[in-house]
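With the working numbering applied, the sequence shown corresponds to residues 145 to 462, in that order. Written below as structure tokens is the structure these notes are about.
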Amino acid sequence: MATEDDKIDLTASDGPQGLGELDLGEPSSGAPAASEPAAGRRRRRDPFKGMEQVLSSEAALKSRELTSLSELKRIKRARLRHEGQQVVTDDIKKLKSLTIEPKLPPGEYINYYVEPVRIEYYIPRESRFATERRFLYIPLIDPEPRTDPDDKILRSHIEQNRFIDLIDLMNQFPVHITDILESYGSTMNLYESLSRSFNAALSGNEEAYKSAFYLCEALTEYEPTIASLQFLGEFLAWDLNWLTRAMNTLGIEFAASDKTIAYFIKKRNDYWEQHGLDYDERFEILAALFYEQAFPNRHLEYEEEDYFYDIFDKKHSI
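So, in structure tokens, the structure goes:
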């Protein structure tokens with residue numbers, strides 16, 4: 145049993161937390177002192193020594209002043225063909241000369257989807273990018289009903305300027321109920337939500353227009369179906385245009401997905417080509433810039449200095 149002399153007084157010491165009177169002893173001859181590095185061991189260099197302190201809260205608010213080498217490389221490699229034609233998007237004077245919005249007849253704007261596009265150009269003297277904004281006006285091209293097979297349902301709704309509600313359609317044309325259920329059985333719950341959103345919009349809930357539009361975007365991923373190929377036609381394309389015009393009329397702000405915008409551009413370009421309409425330089429430049437920003441990796445190839453070159457290069461494929 146320990147005696148009174150063997151006990152250590154931890155309360156009467158002068159050091160922090162009463163440890164001043166403790167004798168930890170000398171380190172053994174085989175172990176190095178804690179303050180000295182082991183013999184033969186290299187002291188590691190601190191890579192952050194002498195660097196200015198970085199705060200993420202400040203870095204998030206700072207604008208980018210200098211471009212990186214990788215960005216300059218991407219800019220050079222992403223130069224640009226749009227719809228088979230070379231489009232110049234690095235001419236600073238041409239980019240800055242583009243009007244913010246095109247001149248349209250009064251009331252015609254409801255027939256366009258409007259997408260803001262960033263114009264970025266490099267200023268060498270200041271070693272920075274400047275950013276401006278222009279608006280890409282994409283005309284809404286309605287689908288053309290076929291005659292063989294006859295898209296009479298689509299044709300009648302376009303002529304009457306009516307939204308095609310698939311749920312309501314089964315009540316109007318019971319002869320097609322079986323065909324519609326076979327083609328849309330897996331997505332019928334989405335079409336029921338679309339029908340509810342559309343009816344809510346007609347009842348005065350303007351936010352429901354956006355819900356209906358986004359549901360249409362999601363449902364286009366499942367097209368075409370046997371029913372649309374046989375008798376419905378491109379009814380979802382018409383519904384997207386109808387909802388866009390309705391929201392433009394009501395002044396409701398919304399944003400389509402990049403995939404939908406690319407579809408609008410493709411429909412416009414096909415229509416321009418089929419009817420031999422004049423080349424619109426402003427539209428072509430802004431459309432090309434949209435593709436750059438929405439799909440930055442399109443038409444790019446891996447080079448030897450790229451990190452994943454050895455993975456994606458065909459020479460190394462198994």
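Don't be surprised by glycine CBs; every beta carbon is placed ideally from N, CA and C. No experiment lies behind these values; they were computed from the predicted model shown.
{"Asked": "If we require 4 or more residues per run, which alpha helix (DSSP H) segments fall completely within the segment 338 to 382?", "Found": "351 to 363"}
{"Asked": "Please state the DSSP three-state secondary structure of Arg208.", "Found": "In this predicted model, Arg208 has a pLDDT of only 40, less than 50, meaning its place in the structure is not dependable; the value taken from the coordinates is given anyway. Coil, per DSSP."}
{"Asked": "How long is the line joining the alpha carbons of His320 and Ser241, rounded to whole angstroms?", "Found": "54 Å"}
{"Asked": "Just tell me which of Ser347, Glu436, Ala356, Asp323 has its CA closest to the CA of Leu334.", "Found": "Ala356"}
{"Asked": "In angstroms, rounded to a whole number, what distance separates the CA positions of Lys237 and Glu428?", "Found": "16 Å"}
{"Asked": "Checking 8 Å against the spacing of the C-beta atoms, do Pro283 and Arg412 come in under that value?", "Found": "yes"}
{"Asked": "If Ile308 sits next to Pro289, beta carbons under 8 Å apart, how far is it from one beta carbon to the other, in whole angstroms?", "Found": "That belief does not hold up - the Cβ atoms of Ile308 and Pro289 are roughly 12 Å apart, past 8 Å."}
{"Asked": "What does DSSP give as the partner residue(s) for Tyr257 in the beta ladder?", "Found": "Ile282"}
{"Asked": "What does the alpha-carbon distance come out to for the pair Tyr407 and Ser330?", "Found": "24 Å"}
{"Asked": "Could you pull the DSSP bridge partners for Asp294 from this structure?", "Found": "Thr291"}
{"Asked": "Suppose the cutoff is 7 Å on Cβ atoms and the five residues either side in sequence are ignored; what does the same chain contact list for Leu387 look like?", "Found": "Tyr353, Ala356, Phe357, Cys360"}
{"Asked": "Less than 8 Å between the C-beta atoms of Leu376 and Thr404, yes or no?", "Found": "no"}
{"Asked": "Does the Cβ-Cβ distance between Glu270 and Ile311 come in under 8 Å?", "Found": "no"}
{"Asked": "Go through its chain and collect everything with a Cβ distance to Ser339's Cβ below 8 Å, but skip five positions before and after it.", "Found": "Asp309, Leu310, Ile311, Asp312"}
{"Asked": "How many angstroms separate the CA atom of Tyr265 from the CA atom of Glu436?", "Found": "13 Å"}
{"Asked": "Quickly, what does DSSP pair Ala274 with across the bridge? List them, please.", "Found": "Tyr265"}
{"Asked": "Do Asp294 and Trp382 come within 8 Å of each other at the CB atom, strictly closer than that value?", "Found": "no"}
{"Asked": "Could you check what DSSP says for Val232 in three-state terms: helix, strand or coil?", "Found": "Caution applies to Val232, whose pLDDT of 49 falls short of 50 and renders its modelled position unreliable; the value that the coordinates give is listed next. Val232 falls in the coil class under three-state DSSP."}
{"Asked": "Mapping the DSSP letters down to three states, classify Asn413 as helix, strand or coil.", "Found": "helix"}
{"Asked": "So, helix, strand or coil for Tyr423, using DSSP?", "Found": "coil"}
{"Asked": "Could you tell me the alpha carbon to alpha carbon distance between Glu350 and Pro268, rounded to whole angstroms?", "Found": "47 Å"}
{"Asked": "Using only CA atoms, which one of Leu248, Tyr253, Lys247, Leu239 lies nearest to Asn392?", "Found": "Tyr253"}
{"Asked": "On a Cα-Cα basis, can you pick out the residue from Phe434, Glu425, Ile409 that is closest to Thr243?", "Found": "Glu425"}
{"Asked": "Over the uninterrupted alpha helix (DSSP H) stretch that includes Thr322, give me the two end residues.", "Found": "321 to 328"}
{"Asked": "What's the gap between the Cα of Gln465 and the Cα of Gln316?", "Found": "No information on residue 465 is available, as it lies outside the stretch 145 to 462 that the chain covers here."}
{"Asked": "Whose C-alpha, out of Pro249, Pro260, Tyr256, is nearest the C-alpha of Phe434?", "Found": "Pro260"}
{"Asked": "For Gly395, which option in Asn255, Pro249, Glu367 has the closest C-alpha, if you only look at C-alpha atoms?", "Found": "Asn255"}
{"Asked": "Does the distance between the C-beta of Glu350 and the nearest non-hydrogen atom of the ligand FAD fall short of 7 Å?", "Found": "Summarising the ligand content, the structure contains no ligands, and the ligand FAD is consequently not present."}
{"Asked": "Please classify Pro318: does DSSP put it in a helix, a strand, or coil?", "Found": "helix"}
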